[in-house]
Structures are given as structure tokens and as C-alpha cells.
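Engineer:
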Amino acid sequence: MNKLIAMPHPIKTLFLVMAFFASSVFSAVTYAEDEKQEIVVITNANNPVEKLEKRQIIDLFMGKYIAFSDGRAAAPMDLDEESEIKSKFYKKLVGMPLARVNAYWSRIKFTGRATPPIAVNSIEEIDKMLSEQGNVVAYIYASQVTDKMKVVYRFD
Amino acid sequence: MKKFMTKKTFKCFLLFTCYLLLSSTAFADELKVSGFGTIVATISDSQQYAFRNDMSQNDGAKKDEIELQTLSNLGLQLNYSFNEKWDAVGQFVYREQEPSDLDSLTQLAFIRYKPTPNWHFRVGRTALDIFQFSEVRDVNIAYPWVKVPTEVYGLIPNRNADGVDVSYISLFENFTMTSKLFYGKTKSDFSSGSYEPIRFENLVGASILVESFDWRLGFRLSQGKAQNNTIPSLLVVDAIKSAEMLWPGASEFANDVDITGKVVQYASVYASTFAGPLEISAEMAYVNSDSIAISDISNGFFNISYPFDAHTFYFKYSFADTDEYYFSEPVLSRELLAPLIFAVEEVGSTFSHNQNSLSFGWRWDFSETLAFKLQYERTKVDARGGGLRLREGYVTEGDSQAVNTVFAAMSFSF
Numbered sequence: 039m040n041k042l043i044a045m046p047h048p049i050k051t052l053f054l055v056m057a058f059f060a061s062s063v064f065s066a067v068t069y070a071e072d073e074k075q076e077i078v079v080i081t082n083a084n085n086p087v088e089k090l091e092k093r094q095i096i097d098l099f100m101g102k103y104i105a106f107s108d109g110r111a112a113a114p115m116d117l118d119e120e121s122e123i124k125s126k127f128y129k130k131l132v133g134m135p136l137a138r139v140n141a142y143w144s145r146i147k148f149t150g151r152a153t154p155p156i157a158v159n160s161i162e163e164i165d166k167m168l169s170e171q172g173n174v175v176a177y178i179y180a181s182q183v184t185d186k187m188k189v190v191y192r193f194d
Numbered sequence: 008m009k010k011f012m013t014k015k016t017f018k019c020f021l022l023f024t025c026y027l028l029l030s031s032t033a034f035a036d037e038l039k040v041s042g043f044g045t046i047v048a049t050i051s052d053s054q055q056y057a058f059r060n061d062m063s064q065n066d067g068a069k070k071d072e073i074e075l076q077t078l079s080n081l082g083l084q085l086n087y088s089f090n091e092k093w094d095a096v097g098q099f100v101y102r103e104q105e106p107s108d109l110d111s112l113t114q115l116a117f118i119r120y121k122p123t124p125n126w127h128f129r130v131g132r133t134a135l136d137i138f139q140f141s142e143v144r145d146v147n148i149a150y151p152w153v154k155v156p157t158e159v160y161g162l163i164p165n166r167n168a169d170g171v172d173v174s175y176i177s178l179f180e181n182f183t184m185t186s187k188l189f190y191g192k193t194k195s196d197f198s199s200g201s202y203e204p205i206r207f208e209n210l211v212g213a214s215i216l217v218e219s220f221d222w223r224l225g226f227r228l229s230q231g232k233a234q235n236n237t238i239p240s241l242l243v244v245d246a247i248k249s250a251e252m253l254w255p256g257a258s259e260f261a262n263d264v265d266i267t268g269k270v271v272q273y274a275s276v277y278a279s280t281f282a283g284p285l286e287i288s289a290e291m292a293y294v295n296s297d298s299i300a301i302s303d304i305s306n307g308f309f310n311i312s313y314p315f316d317a318h319t320f321y322f323k324y325s326f327a328d329t330d331e332y333y334f335s336e337p338v339l340s341r342e343l344l345a346p347l348i349f350a351v352e353e354v355g356s357t358f359s360h361n362q363n364s365l366s367f368g369w370r371w372d373f374s375e376t377l378a379f380k381l382q383y384e385r386t387k388v389d390a391r392g393g394g395l396r397l398r399e400g401y402v403t404e405g406d407s408q409a410v411n412t413v414f415a416a417m418s419f420s421f
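Structure, rendered in C-alpha cells:
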């Protein structure tokens, strides 16, 4: 940093412009990488449900109606509050940051109306729950889908 | 600045210890432990009309005092799932309540049966659902404000009902509709100096909540039959009955003042929607009864919130409007009955709330489960209409006054 301060003025300006340009390109590449990480909603491959509407996913993950359209109870699963995908998922689903999702859930949970989705820490845990329960619904990156899973919704 | 009493600190510690123990038991898979809490500092500039959260509170934020108890609370909730169709919920909330025993701490204690995802049956203690935010009034992190509007929620301190309810969820193309019926009993304290609960039985109510994700409509109707008077009302009723010689028809009037056996009705309409970046919500409510002691009250609020990333800015207007009560019965001598007339007017004015508040506030969610809130509120209290505030002196002697109150809150959930 001291060397930068000591540089002649035109060279310093050029250096700063290049650094800004480089960081912009890096940000754009990173952003593009993130965008490639498509989020999908999955269930057990043996679940008769083939497709869910966005409205149904909102109902499931926001505690309004926690069942499939045929009346079978569903078991939505959430990822740990620190995970990046959770934040992206709710932003795409309801356009809210996690703090507002939590405020919303506080209204539902602390009146005893419904319990929030089961929270797990990793994709492995979702995989395990999926093997045990046919009614699990979860969100993961498209690249993480396995043979045991069935994609029932893709975000545009 | 007031300090939390040792006994109160101990109760908070006890709730937290229960949380630690329960969350580490072998039942952890079926038992979910969660909770919420808030610490609020309140400063008001009026000695005559101190701030209190609802009519049950005997203490409040007075002039030149940083008050910490009126709105602060701590809640612990246990959810136990027996299987897909049966579960149980217990919730214990510690706040400034009187008495502070197990019955008072227990906000929820019910068993639920869900034969299908559409039908929910609950038996036990559930949150009283008479206005839109009645069920979550103590869950501070659940709403943008530092407190629910006092003009709507402060006049009914009742938090829960013991009984049964049934809900049915109907699915439509673009919205869901939840219909609910409940039956039970409830009680709450309305006095300002001691614990004198009024019990309501045959509490029956119905609600319909129609909602999509970005809009919501709620309709509620309920009523309950009062089982007893407060001690001041009882004394006044007895005094009126004994004044028959100077007051023809006193017994009949005493019956109008007496709330025992009287039905109190509550109605509420709520709506909220998003308009671009703004969230707009409003509630109109109405309370009426056959007794002079519980006046017919129109109240409501209007709110605009602007959520921006982790911040929410809001503006809120709330009001309670009642006809002032003045004694107008034909008596033989007003002079001789002056003390009694004064007492009747006091009883008739205790629930005659006339005030409105303008509030501005900011909520900052600096994590998913932690929020800071700051709210300024200017309340205009009309003469004889200050029953919602903690007063010095009688309601009927209260002047018209504008009161400024500032709240700073830290809310959390776990």
C-alpha cells in the first residue's frame, strides 16, 4: 500500500483503474457462476407427485397448507440458517430476506398454528431423510440431484 | 432507571435453564424447543398519563423515567409431535403480569388432532383470537412495530382462552381460506391497583382468514359473557341500589351498570397488501356490550411499512373512539347524590377510551433472529378518555393532553 501511495500520479490512476476493472470482471464471473447454480425443488423419486406449482411450494414452506394436492401430508425440509442456498431459495420463492421470513414464521409458530420445515445441516441429511420418508420436499442445487430424487419444480 | 427484581430475574433464568435441559434430552427428535423475547426501554414525558401496554398493568413508563418492564418479555415454547396427526404445544411467557404463577405464565397448552391436512382440532389453552394480532401480541419479533397498537389491543388484556377450536383450510386457485370456530372461557385483570380478574364464560367466536402470499383479509366475530364485576364497579352497583329513595329506577340503572351476565361482543376486519415497495395494512374493530361499564368502542389502525433490505421503516396511526359518558338519569337531588354520581361517571368512563397515536419507527434485522427497533409515538389523549393510560387521579378528572413516548427494543427468537 505504501508503494502505491509513492507511485507517480498517472501510474497510480492507471493502476487503480485496472484494479477496479479486474475486480468488476471477477465479480461478474462469480455472479455468473452463482447464477449457474440453479435451485430446484425435489421429492422422493417414488412420490406419485410429478410437479408442484410455485403457489403450492409457498403453501408448503410458509406453513399455509402442508400437504400435496392429493391430500397426503408433506414434510418440507429447510437447510441450516447459515447456508447460502436457503437465503437464495426464499428470495426466489417469496422475495424476502431471511429475517423477514423468520418474522413471518414467528407469527405462525408462536401461535402454535404450524411448525416450520424440519431444519437439517447438509444435503446428505436431506438424502437420508428422503430415503426414509416418501413425502419429503426440499430445495437443492440442480447439480446435487441424485437418482433417488425427483425434481418437481425449477425456478426460472 | 428501574431494576428487574431478583425474583423476576430468577424466573427468566429458570425458563432459560428449562430450554437448555429440554433441548438436550432424548426426546429431541420429537420435541422442538424454541422461544422468543424482547427487552424494551420506554421513555414518556407525561406524569398524568404514563404509558402502559394494556389495561391490566399497574405500572408504566412515567415522566423522566427509563422503564424496562412494561413491554419486555421472555417466552419458551415446546412442540411435541406424537405422530403425523397428533401433537401438543406448550408456551410459557414471562412478562409484567399479575399474579406471576404457573397459570398466568402458561400462554398455550393444547393438544391438536389433524385427521387431514385441512382439519385441525385443538383442545386446551389457545391464544385468544379476537383481533388480527391478538395471538402474537407478545411475540415482538413477529411484527415491525415495537408494540401492537395500544388503541386496539390495550383495552383487552386477555391473552388466552381455555376451550376448544376447530379450523378448516380451503384451497383456491390463488388463495387459501382458513375458517375457525372456537368456544371456551377466559379471564383478565382490568384494574390499575390490584389483581381483580373479570371472568368471561361462553366465549364463542368465528374467524375467516383469506390470504395469498402478498395480501390478506381477516374477519373476526366473538362474544363472551362476563361473570363478575371489578371491586369498584361492585361497590358502585351496591351504592346505586341503596339510593332508591332519592333515585326512582335506581335498581334498574344498577342492573345497567352491573356487568355480571352481560355479553361483550368483539368484531374486527383486517386487510393488508403490498403496493409496490410498500406494505399497507389496516384494521377496524368494534367492541360493544349491554353494560354502561363497558362502553361501545370503535378502534383501529392504519400502517404503511417500507421494507428495504434488512431495514423496515413504518408510519402508523391508531385510534380508539368512544362516546363520553355523562350521568343523565332523573334523580330527586343531584346535590345529595353527588359522590355517587361522580362514582358512576368514573365507572362509565373507565372503558370510554378516546385517544389516538401517530407513530414513526425503524426496524433493523441485523440477523435472521435478532432485530433492533426504535419507535416514536405521539398520543393525543382526550379529557375523560385516558383509560388506556396509567393515570394519576380519576379518569373523569383527566385533562386533554398530548404525550410523547419513545421506545427502543431488542427482539429475538431462538
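Here the protein sequences come in this chain order: A and B.
In terms of the numbering used here, the first sequence opens at residue 39 and continues consecutively.
In terms of the numbering used here, the second sequence opens at residue 8 and continues consecutively.
Each residue gets a CB set at the ideal place from its N, CA and C atoms; glycine is no exception.
In this text, all values refer to a predicted model and were calculated from it rather than measured experimentally.
(1) Roughly how far, in whole angstroms, is the beta-carbon of B:K192 from the beta-carbon of B:D172, given that I think they are within contact range, below 8 Å?
(2) With a cut-off of 8 Å, does the C-beta of A:M5 fall near any C-beta of chain B?
(3) Go through the region 334-368 of chain B residue by residue and report every complete run of the alpha helix (DSSP H) that reaches 4 residues or more, in order.
(4) Between the C-alpha atoms of B:E286 and B:F322, what's the straight-line distance to the nearest angstrom?
(5) Considering only residues of the region 74-159 of chain B, which uninterrupted beta strand (DSSP E) runs meet the minimum length of 3 residues and lie entirely inside it, listed in chain order?
(6) Could you give the DSSP three-state label for B:M62: helix, strand or coil?
(7) Using 8 Å as the Cβ pair cut-off and three pairs as the minimum, do the region 339-347 of chain B and the region 381-399 of chain B touch?
(8) Kindly identify the DSSP beta-bridge partner or partners of B:Q55.
(9) Can you tell me whether B:F367 is buried or exposed, with buried defined as 16 or more other CB within 10 angstroms of its CB?
(10) Excluding the five sequence neighbours on either side, which residues of its own chain have a C-beta within less than 7 Å of the C-beta of A:T68, listed in chain order?
(11) Relative to the alpha-carbon of A:S144, which residue among B:Q84, B:S63 and B:I215 has its alpha-carbon at the smallest distance?
(12) Spatial neighbours of B:E37 within its chain, please: C-beta separation below 7 Å, excluding the five flanking residues on both sides.
(13) Scan the region 127-149 of chain A for residues whose Cβ lies nearer than 7 Å to a Cβ of chain B and list them as they occur along the chain.
(14) Identify which residue in B:F138, B:V413 and B:F128 has its Cα closest to the Cα of B:Q278.
(15) Under 9 Å between beta-carbons, which chain B residues line up against A:G172? List them in chain order, please.
(16) Determine the closest residue to B:S258 out of B:S340, B:W371, B:D245 and B:A317, with distance taken between C-alpha atoms.
(17) Given a cut-off of 8 Å on the beta-carbon distance, is the pair B:T7 and B:E142 in contact?
(18) Please tell me whether B:E142 has its Cβ less than 8 Å away from any Cβ of chain A.
(19) In whole angstroms, what is the alpha-carbon distance linking B:K269 and A:K129?
(20) At a cut of 8 Å, does the region 327-341 of chain B reach the region 355-370 of chain B through at least three beta carbon pairs?
(21) Hey, how far is the Cα of A:D194 from the Cα of B:S325?
(22) Do the CB positions of B:F421 and B:T376 come within less than 8 Å of each other?
(23) Once DSSP output is grouped into helix, strand and coil, what is the label at A:I104?
(24) Please state the DSSP three-state secondary structure of B:A261.
(25) Residues in the same chain with beta-carbon distance under 7 Å from A:I104, minus the five sequence neighbours each way, listed in chain order, please.
(26) So with CB distances below 8 Å, who are the chain A contacts of B:D316?
(27) With H, G and I counted as helix, E and B as strand and the rest as coil, what does DSSP make of B:P239?
(28) Please return the same chain residues whose Cβ sits closer than 6 Å to the Cβ of B:F140, not counting the five positions on each side in sequence.
(29) Which residues in the same chain have their Cβ closer than 6 Å to the Cβ of A:D118, if we skip the five residues on either side of it in sequence?
(30) From this set, B:N262, B:D66, B:A415 and B:K187, which residue's C-alpha is nearest B:Q54's C-alpha?
(31) What does B:F138 reach in chain A if we use C-beta pairs closer than 8 Å?
Structural biologist: Well, looking at it:
(1) As a first step, residue 192 of chain B is located in the second sequence; it is residue number 185 there, counting from the start. As a first step, residue 172 of chain B is located in the second sequence; it is residue number 165 there, counting from the start. About 13 Å; that fails the 8 Å criterion.
(2) With chain A represented from 39 up to 194, any question about residue 5 of chain A goes unanswered, as that position is not in the structure.
(3) DSSP runs (the alpha helix (DSSP H)) wholly in the region 334-368 of chain B: 345-357.
(4) Here residue 286 of chain B refers to the residue found at position 279 when the second sequence is read from its first residue. Here residue 322 of chain B refers to the residue found at position 315 when the second sequence is read from its first residue. Cα-Cα distance, rounded: 11 Å.
(5) 80-88, 93-101, 113-120 and 126-134
(6) Taking the first residue of the second sequence as position 1, residue 62 of chain B is located at position 55. Of the three classes helix, strand and coil, the one that applies to B:M62 here is coil, per DSSP.
(7) no
(8) The count along the second sequence starts at 1 and reaches residue 55 of chain B at position 48. According to the DSSP secondary-structure assignment, B:Q55 is paired through a beta bridge with no residue.
(9) To locate residue 367 of chain B, count along the second sequence from 1; it is residue 360. That one is exposed.
(10) Position 30 of the first sequence, counted from the start, is the residue given in the question as residue 68 of chain A. Any answer about A:T68 is weak, because its pLDDT of 45 lies below 50 and its placement is not dependable; what the coordinates show is given next. Excluding residues within five positions, none has a Cβ falling inside 7 Å.
(11) Walking along the first sequence from the start, residue 144 of chain A turns up at place 106. The option with the nearest alpha carbon to A:S144 is B:Q84.
(12) Within the second sequence, numbered from 1, the residue matching residue 37 of chain B stands at position 30. Excluding sequence neighbours, B:E37 sits near Y87 and S88.
(13) V132, P135, L136, A137, R138, N140, A141, S144, R145, K147, F148 and T149
(14) Position 271 of the second sequence holds residue 278 of chain B. Checking the sequence shown, residue 278 of chain B turns out to be Ala, not Gln. Comparing Cα positions, the closest option is B:F138.
(15) Numbered from 1 along the first sequence, position 134 holds the residue referred to as residue 172 of chain A. Under the 9 Å cutoff, chain B gives no residues; its nearest Cβ is about 13 Å from A:G172.
(16) Residue mapping note: residue 258 of chain B aligns to position 251 of the second sequence, counting from 1. It is B:D245 whose Cα lies nearest to the Cα of B:S258.
(17) This structure gives no information on residue 7 of chain B, because the portion of chain B shown stretches from 8 to 421.
(18) For the purposes of this step, residue 142 of chain B is taken as residue 135 along the second sequence, with counting starting at 1. Yes, contact with chain A.
(19) In the second sequence, counting from the first residue as 1, residue 269 of chain B sits at position 262. In the first sequence, counting from the first residue as 1, residue 129 of chain A sits at position 91. Going by the C-alpha atoms only, they are around 50 Å apart.
(20) Contact holds: three or more Cβ-Cβ distances are below 8 Å.
(21) The residue given as residue 194 of chain A occupies position 156 in the first sequence. The residue given as residue 325 of chain B occupies position 318 in the second sequence. Their Cα atoms are separated by approximately 42 Å.
(22) Within the second sequence, numbered from 1, the residue matching residue 421 of chain B stands at position 414. Within the second sequence, numbered from 1, the residue matching residue 376 of chain B stands at position 369. Yes, they are a contact pair.
(23) The residue labelled residue 104 of chain A in the question sits at position 66 within the first sequence. Here A:I104 sits in coil by DSSP.
(24) As a first step, residue 261 of chain B must be located in the second sequence, where it is residue number 254. Residue state, collapsed to three classes: helix.
(25) Your numbering for residue 104 of chain A matches position 66 in the first sequence. Closer than 7 Å at the Cβ level, and outside the excluded window around A:I104, lie L98, A111, A112, P114 and A152.
(26) The residue you call residue 316 of chain B lines up with position 309 of the second sequence. One finds P135 in chain A with Cβ atoms closer than 8 Å to the Cβ of B:D316, taken in chain order.
(27) Indexing the second sequence from 1 puts residue 239 of chain B at position 232. Note: B:P239 maps to helix in three-state DSSP.
(28) For the purposes of this step, residue 140 of chain B is taken as residue 133 along the second sequence, with counting starting at 1. Excluding positions up to five away in sequence, the list reads V155.
(29) Here residue 118 of chain A is taken as the residue at index 80 of the first sequence, counted from 1. Closer than 6 Å at the Cβ level, and outside the excluded window around A:D118, lie N159.
(30) For the purposes of this step, residue 54 of chain B is taken as the residue at position 47 of the second sequence. For the residues B:N262, B:D66, B:A415 and B:K187, the minimum Cα distance to B:Q54 belongs to B:D66.
(31) The residue given as residue 138 of chain B occupies position 131 in the second sequence. The premise fails here: B:F138 is roughly 13 Å from chain A at the closest Cβ pair, so nothing lies under 8 Å.
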